[in-house]
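Chemist:
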Amino acid sequence: MEQELLRILRTLDSPAHLTQAHARLLAAGLAATPRLLPALGVPPNGFTFTFLLRACALLGLPRPCGCVHGQIVRCGFGSDVFVQNALMDVYYRCGGGGAGGVGAARQVFDEMVDKDVVSWNSIVGVYMSSGDATGAMGLFEAMPERNVVSWNTVVAGFARTGDMVTARTVFDRMPSRNAVSWNLMISGYATSGDVEAARSVFDRMDQKDVVSWTAMVSAYAKIGDLDTAKELFDHMPVKNLVSWNAMITGYNHNSRYDEALRTFQLMMLEGRFRPDEATLVSVVSACAQLGSVEYCNWISSFIGKSNTHLTVALGNALIDMFAKCGDVGRAQSIFYKMETRCIITWTTMISGFAFNGLCREALLVYNNMCREGVELDGTVFIAALAACTHGGLLQEGWSIFNEMVEQYNIQPRMEHYGALEGRWDGVIGARTSMRNWGIEKVPGSSLIQVGSEVHEFLAKDTRHERRKEIYETVDGLMALMRHTEQTPWGLFVASIVVIQCLIGQQLCKSNMGKGIFPVVLQLYHAEVAVLMSRCCFIVTTQTRMNFTFVRAGGKDSHWTKWWSQLTVAIIILGALFYLLCSPKLEQGSEAGLLLLLGGAEDSLASAQSSWSSF
DNA sequence: ATAGGGTTAG
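Numbered per full-length UniProt numbering, the first sequence spans residues 1 to 614.
1) How would you label P275, buried or exposed, when you count the other beta carbons within 10 angstroms and need 16 or more for buried?
2) Could you pull out every unbroken alpha helix (DSSP H) segment of at least 4 residues lying fully inside the region 41 to 103, listed in chain order?
3) Let me know if S14 comes out buried or exposed under the rule of 16 or more other beta-carbons within 10 Å of its beta-carbon.
4) Determine the extent of the alpha helix (DSSP H) in which I299 is found, giving its start and end residues.
5) Would you call G169 buried or exposed, if buried means 16 or more other Cβ atoms sit within 10 Å of its Cβ?
6) DSSP on N254, reduced to helix/strand/coil?
7) Can the beta-carbon of M216 be found less than 8 angstroms from the beta-carbon of L241?
8) Return the Cβ separation of V328 and L358 in integer angstroms, given the expectation that the two are a contact with Cβ distance under 8 angstroms.
9) Could you tell me which uninterrupted beta strand (DSSP E) segments, each at least 3 residues in length, are contained entirely in the region 195 to 230, listed from first to last along the chain?
10) Taking the C-alpha atoms as reference points, what is the distance between G250 and I410?
11) Could you compute how far the alpha carbon of P412 sits from the alpha carbon of L139?
12) In this structure, does DSSP put I334 in helix, strand or coil?
13) For F306, which residues of its own chain have a beta-carbon under 6 angstroms away from its beta-carbon, when the five flanking residues on both sides are left out?
14) Tell me which same chain residues have a C-beta within less than 8 angstroms of the C-beta of L314, skipping the five on either side of it?
15) Would you check if the distance between the CB atom of G291 and the CB atom of N254 is smaller than 8 angstroms?
16) Take E145 and list the residues in its own chain whose beta-carbon comes closer than 7 angstroms to its own, dropping the five residues that flank it on each side.
17) I'd like the span of the alpha helix (DSSP H) that includes R413, first residue to last.
18) Select from G188, V148 and A16 the residue whose C-alpha is nearest the C-alpha of T166.
19) Buried or exposed for C325, please, with buried defined as at least 16 other CB atoms from any protein chain shown within 10 angstroms of its CB.
20) Just the C-alpha distance for M128 and G100, rounded to the nearest angstrom, thanks.
21) Which term fits I8, buried or exposed, when burial requires 16 or more other beta carbons within 10 angstroms of its beta carbon?
22) Can you say whether F335 is buried or exposed, counting buried as having 16 or more other CB atoms within 10 angstroms of its CB?
23) Please determine if the region 359 to 369 and the region 383 to 399 are in contact, where contact requires at least 3 C-beta pairs separated by less than 8 angstroms.
24) Could you tell me the distance, in whole angstroms, from the CA atom of G125 to the CA atom of A156?
25) For D227, count neighbouring C-beta atoms within 10 Å of its own C-beta (all shown protein chains included) and say buried if the count is 16 or more, exposed if not.
26) Give me the residue from S122, D172 and T161 with the minimum Cα distance to T153.
27) Where does K337 land, buried or exposed, given buried means 16+ other C-beta within 10 angstroms?
28) How long is the line joining the alpha carbons of E270 and V211, rounded to whole angstroms?
29) Using 10 angstroms around the beta-carbon of E396, count the other beta-carbons present and answer buried if the total reaches 16, otherwise exposed.
30) Using the C-alpha atoms, what's the distance from N252 back to K208?
31) Out of curiosity, what's the CA-to-CA distance linking M247 and T347?
32) So A387 packs on I350, CB below 8 angstroms; how close in whole Å?
33) Judging by CA-CA distance, which residue of E141, Y408, S399 and K115 is the nearest neighbour of L420?
34) Could you compute how far the alpha carbon of V102 sits from the alpha carbon of F49?
So, in structure tokens, the structure goes:
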């Protein structure tokens, strides 16, 4: 049958007959048959290959690129400048952005008979995004002609690496600039944290477009200045979907999830934009943080109705959301529905089960993951180990820990030890010490009364008026901890936290009702376990600890200032004390821990009474 | 075709 049709097709010689035959094949459902389709005789052109190459780039597979390259040469497009430019881009992307990709792209570039500005711009961009600024600048200087895109490519390259000094130099040298050039400077300054500089570029710009405004909104949101972000957002002459997304994620990053949702609702009320995946990811994660079942149901039914494709990011966010509001069954069904998963998907599902106390199920997910041969990272092991500890499955925890080290060659970090509380039991008898110090009475209490006011703290609370400070403090400490892990500075930071907690308790106790301390510090069990295991006592991971210093009444008095100054002084002295006592401590060494314990025990003992009586 | 703003877990 197929042979017969092929024979007939070959005999056709006029376009009209060909069209007729094509129509008949379509009607018979045979047009897509791989051997008949080429016989219809439509020759490829430049567009064929640029689209084909784009498909290769999306797949990121080097092998089809080679085949397509062969076809390009065979069909006589070896010197078509459009096709060659696309080919260069594809070879770079399929090389994974590394040196191999750069080499392949460079080879295409060198072999090109005709090069136009786009070819030069592309190769400069390739060198820039591979991190080779010197190579890029060499090519840039050698360019026979430059247009505004050439200049922008270089500015973008320097801005991406955070080298705003060089970016500025190039920007100032530009013979002419367009909106993109200015916007590159704005976003470059914003990502390097210099909002002032970004703002001054923005103010000097006389062709501000929606991108400039949006970049400024997210710049202010990033440094936590939501008032200015909101003000700019409200005054934007034109908003698009990305602007709304920027405002919503700005609220998310500052833990103001309810306002994120309100902004989303405003956008929906306005009705001009349909939420895209980025919007939904942000909204879902805001719902997850709020843990409100009504919001979660609403957004999930909205997603269901809007027929949105379940991408990896959205799937991950949904799994997290359902798990956080206790519906682990729906979390799991999302997990199964996902066509592609990444390491975050697995991590989220494992922690989702553990979060709901289903630690065996968490381990099943872990086992499935290992069977599927997913490439694992250190983080997924933190989740798996925490699941074991949480469920009291210490033996499983240890065997996973060993697998991690021996089979997957992942260096254990302090978070892994933190997840395995049993680690330190033999060293210091942590549980006993805890009981002795009366620590068990403090955790679990998330209500603190100061004077006549009751301050309530729930997990990841978003309602407290000083939540910005809470999360900034915690985030800052965590960042510092990450930055300084494996060095004595980790101890330094940990000691600050402990001392702050102790002082906070004492201040609360002795100054009820006077207006106490302007910092509210809230830590969760995992972080506390890590910090505390450094400072020689362990917190059971089942118990969430809320350390809070609360200021009552909301009025600043001279007492507040006085206490703040005193506290800062004590913190610095305490930190110095730790530093002097433990300058040569080796992290993780038992001798070091015991030494540290000796130092810490004294200061903790004095605070013991306030812990237990609180 | 080459350059610019927004995207999830621990």
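In this text, a Cβ means the ideal position worked out from N, Cα and C, and glycines have one as well.
Modeler: The answer reads as follows:
1) By the beta-carbon neighbour count (other beta carbons within 10 angstroms, threshold 16), P275 is buried.
2) 46 to 59, 62 to 74 and 81 to 94
3) exposed
4) V293 to K305
5) The sequence as given places Thr at residue 169; Gly does not occur at that position. By the 16-neighbour rule on beta-carbons within 10 angstroms, T169 is exposed.
6) coil
7) no
8) 6 angstroms
9) Fully enclosed beta strand (DSSP E) runs of no fewer than 3 residues are not present anywhere in the region 195 to 230.
10) 34 angstroms
11) Straight through space, the alpha carbons of L139 and P412 are spaced by roughly 43 angstroms.
12) helix
13) Note on residue identity: the sequence assigns Ser, not Phe, to residue 306. Excluding sequence neighbours, S306 sits near nothing in its chain.
14) Once the five neighbours on either side are set aside, the close Cβ partners of L314 are E277, L280, V281, V284, I303 and T308.
15) no
16) V117
17) No alpha helix (DSSP H) holds R413; DSSP gives it neither H nor E.
18) G188
19) buried
20) 15 angstroms
21) Under this definition I8 is an exposed residue.
22) Counting Cβ neighbours within 10 Å, F335 comes out buried, since at least 16 surround it.
23) In this structure the region 359 to 369 touches the region 383 to 399; the number of beta carbon pairs closer than 8 angstroms is three or more.
24) 9 angstroms
25) exposed
26) S122
27) exposed
28) 20 angstroms
29) buried
30) 26 angstroms
31) 28 angstroms
32) Right, the Cβ-Cβ distance comes to about 6 angstroms (below 8 angstroms), so this counts as a contact.
33) Considering only alpha carbons, the answer is S399.
34) 21 angstroms
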